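Reading through the structure tokens given below for one structure.
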Amino acid sequence: MKRIVLLMVVCMLMVGVVGCGQGKTNEQGYYDKLNVYNWGDYIEPAVLEDFEKEYGIKINYENYATNEEMFAKIQAGGTDYDVIFPSEYMIEAMMNEGLLQELDFKNLPNYKNIGDQFKNIAYDPDNKYSVPYFWGTMGIVYNTKKVDGKIDSWDALWDEKYKGDIVMIDSVRDTVGITLKKLGYSLNTRNMDELEKAKEALIKQKPLVKAYEVDAYKDMMISGEAAMSLAWSGDAMLLIDENPDLAYTIPKEGTNLWFDAIAVPTTSKHKKEAELFINYMMRPEVAAKCAAYVKYATANTEAMNLLPREDVENELAYPKGDLFEKGEVFIDLGEFTTEYDRIWTEIKVH
């Protein structure tokens, strides 16, 4: 019994160093496991394999479908994720909740490769908690063989002639956000009248909607199963490569300008290895591989020099000029988020 108690004490003291049998320090002095929590299909798989080979660290990789899913899991505790990829408003929310660790930029020399236009943005004004990864817009991807003429407005998603042929994103901030833009409001509104009008518009649209999806809409558009879908810009570029009948548009009423970044949650017990991974992800050749694979716009300006010119010169993928004139960035709405959740539930059950 004394030996068992002693073993338990030793194990408790060693947890986070050797993980009590779950992991150990490797020959390079790193803990040999890293838990990465990311969006689905959001990184070049070979990049993960190369990191494992170079540093002798096994990556345990898990996916989430929405920012809210990731946030809830980390907030609930009981997890030990080391690296996450939250969007801008979720970074702000997690900062406010004390769920992110400050980064030590002495361990991130490759941060110099990130473009200045992606630094000091309102969601992380002092660049303390996150490193930009991808960015882009929200728009409409549509099948030119099934849609009459060009689309330039969010109104197309409410067009009766495409009933049963429209796909929407199963995400409250994205779908409610573009509806607010369609109505001429801010996608960050805290005005209840405006929010109720967005709810009414989405309930009116619901009979026209084929499905609410997050990832499955991509296959539906490639196969020609749907005429149009709400889409993130990177997904749209990938879909157009797969099906040349598809096109992408950023509606004239304005859109969401989004940023996804890499961060270290407070659940991480291995910050040194997490920052090693983040610095690796900022190598130009690594960032370029991920951008080429996922088709989203990279925030790594050195990586852009390694990408095909036709990719970086495509203004639908890499909008030129003042980015913030083309879109509005989501902000954390704090407690008002519950109102968005409420109307989303009412829309879905209607």
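Per mature numbering (1 follows the signal peptide of the UniProt record, and there is no 0), the sequence shown runs over residues -20 to -1, 1 to 330. Glycine is no exception: its CB is placed at the ideal position from the N, C-alpha and C atoms. Bear in mind that the values here come from a model prediction, so they are computed numbers and not experimental data.
- Boundaries of the beta strand (DSSP E) harbouring Asn236: Thr235 to Ile242, taken from the DSSP string.
- Lys38 is bridged by DSSP to Lys13.
- Of the candidates Leu286, Phe257 and Ile120, Ile120 places its Cα closest to the Cα of Ser213.
- Judged by DSSP in its simplified three-state form, Val152 adopts helix.
- Using a C-beta cut-off of 8 Å, the segment 99 to 107 makes no contact with the segment 191 to 208, since fewer than three inter-stretch Cβ pairs fall below that distance.
- Here Gly157 carries a helix assignment [DSSP, helix/strand/coil].
- Per the coordinates, the alpha-carbon of Gly95 lies some 27 Å from the alpha-carbon of Ala45.
- Contact annotation: Glu305 and Leu167 have beta-carbon atoms that are not nearer than 7 Å.
- As computed with DSSP, Val63 is found in a beta bridge with Val16.
- DSSP places Tyr228 inside the beta strand (DSSP E), whose first and last residues are Leu226 to Thr229.
- In the DSSP assignment, Tyr192 forms a beta bridge with Met148.
- Between Phe98 and Pro89, the CB-CB gap reaches or exceeds 7 Å.
- Under the three-state reduction of DSSP, Asn280 is assigned to strand.
- When the beta-carbon positions are compared, Tyr298 and Ala277 come within less than 7 Å of each other.
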